[in-house]
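Residue numbers (my numbering), protein chains in the order written: chain C, 26 to 151; chain X, 26 to 151; chain V, 26 to 151. Note that beta-carbon positions come from the ideal geometry of N, C-alpha and C, so glycine has one too. Values in this document were obtained by computation on a predicted structure and should not be read as measured data.
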Amino acid sequence: MATGSRAQFVDVTRQVYAELAKRGVKNGMCYVYVPHTTAGITINENADPDVVADILSTLERLVPADGSYRHSEGNSDAHMKAAMMGFSQMIPIIDGKLALGTWQGIYFCEFDGPRRRKMLVGIAGE
Amino acid sequence: MATGSRAQFVDVTRQVYAELAKRGVKNGMCYVYVPHTTAGITINENADPDVVADILSTLERLVPADGSYRHSEGNSDAHMKAAMMGFSQMIPIIDGKLALGTWQGIYFCEFDGPRRRKMLVGIAGE
Amino acid sequence: MATGSRAQFVDVTRQVYAELAKRGVKNGMCYVYVPHTTAGITINENADPDVVADILSTLERLVPADGSYRHSEGNSDAHMKAAMMGFSQMIPIIDGKLALGTWQGIYFCEFDGPRRRKMLVGIAGE
């Protein structure tokens, strides 16, 4: 997947559902894993895009990109923000569907883009 | 479950154990999932309630409810706090018991209550 | 495992791999769980140690050890920092290997050391 800016949440709920559809599991667990250190994965509101904007701006206020860091690549903030959101999420599968709440979407969290990124989706169950 | 105030940690360790007892799994994994976007789930000390109070007050200091946000519902802080705690926890099951440490309890994290809330408990193993 | 200072990230990738080698699973999921409340587990860059130093100093800036807390043991910051990093990580197993990204290492996060600590590694799959 290609991200488009330095910091951006990409709604990947549809891609995760597409993996589930391929596997046809009725009851089990879905795992989403990000094999990066400056990008993470979270779950949050999929209705009002202002929620995601507020999360991004709060992360930037707490961990500013231009803060004082030792790591010379200039992306220490991105490593920290990714760790705060996490590198994996798991969502139960019930009756063939992700047990996401009404307002929940799955978001890939880019903090050092734009870049090409990967995401691994695992499905376990029957 | 019903929460009683805007921000509150509810110890749900007993409810998770009750689900495990129903299933009788000896070795495996227990998953707790929160299908909300303004509530999360975490693990922390179950002995001194001041620990939970300190976590709540630290979250409020870092992400104040009355901060400046775009989302018009007035609960952007709750979305961020929930993302910081996480929407799922997993605990190994060993010899029929949750492998919680001596001081660990499982806490449902309400950040936009009081409300009716749900929690999903999954058990995998043999 | 013994940690050596109050706050320290210990690279445990090798130990997790050693558990995987014992079990010989080809495809599945690896779970790492920390049964403590003042230590956590995360994933981050394994190349430049400055990244880990920056994460530790950012956590200390956000949640200072000498801040104002109610809990009388003087380690409330450690409880909060551990909750921010998380108490478990899961990593997919593909073709007998952990699907860690090129720069990813698994870090045990000590926040109230030095101490003796435990970590549980679970492997599921075939």
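For Val37/X, no alpha helix (DSSP H) encloses it, and the DSSP letter there is neither H nor E.
Taking CB atoms only, Thr83/C has no neighbour in chain V less than 8 Å away. Under the rule that a run must span 4 or more residues, the alpha helix (DSSP H) segments found entirely inside the region 81-144 of chain X read 101-110. Scanning chain X for C-beta atoms nearer than 7 Å to the C-beta of Pro60/V yields Ala124, Leu125, Gly126, Gln129, reported in chain order.
Only exposed fits Asn52/C, as fewer than 16 other CB atoms lie within 10 angstroms of its CB.
Look at Glu70/X here: in three-state DSSP terms it is strand. No Cβ of chain V is located within less than 8 Å of the beta carbon of Ser30/C. Chain order gives the chain C residues near Pro117/V as Tyr56, Tyr58, Leu145, Gly147, where near means a beta carbon separation below 8 Å.
Using a CB distance cut-off of 8 Å, Leu87/C counts as an interface residue toward chain V. For Ala108/V, no chain C residue has a Cβ inside 8 Å of its Cβ, as the nearest lies near 11 Å away. At least one beta carbon of chain X lies nearer than 8 Å to the beta carbon of Thr67/C.
Under the three-state reduction of DSSP output, Val77/X falls in the helix class. For Gly53/X, the enclosing beta strand (DSSP E) has its first and last residue at 53-58. Ser30/C places its beta carbon 8 Å or farther from that of Gln114/V. Among the residues facing chain X, Gly121/C is not included, as its CB has no counterpart in that chain under 8 Å away. When DSSP states are grouped into helix, strand and coil, Val50/C belongs to the coil group. Residue contact with chain C for Met105/X: present (Cβ-Cβ distance below 8 Å to some residue of chain C). By the beta-carbon neighbour count (other beta carbons within 10 angstroms, threshold 16), Met26/X is exposed.
Excluding its 5 nearest sequence neighbours in each direction, Ala103/X has C-beta neighbours in its own chain below 7 Å: Thr63, Phe136, Asp137, listed in chain order. Each of Leu87/X, Ala124/X, Ser97/X was checked against the Cα of Asp75/C, and the nearest Cα belongs to Ser97/X. Scanning its chain for C-beta atoms nearer than 6 Å, with the 5 sequence neighbours on each side dropped, one finds around Tyr94/V the residues Ser101, in chain order. Beyond the five residues adjoining it in sequence on each side, Ala32/V comes within less than 6 Å, by CB distance, of Leu81, Phe136 in the same chain, given in chain order.
Counting only residues of its own chain and dropping the five nearest sequence neighbours on each side, Ala107/X has a CB closer than 6 Å to the CB of Thr63, Ala64, Gly65, Phe136. Against chain C, the beta carbon of Gly150/X has no neighbour under 8 Å; the closest one sits roughly 12 Å away. Around the beta-carbon of Thr127/C, fewer than 16 other beta-carbon atoms lie within 10 Å, marking it exposed. The C-alpha of Tyr132/C is placed about 12 Å away from the C-alpha of Leu125/C.
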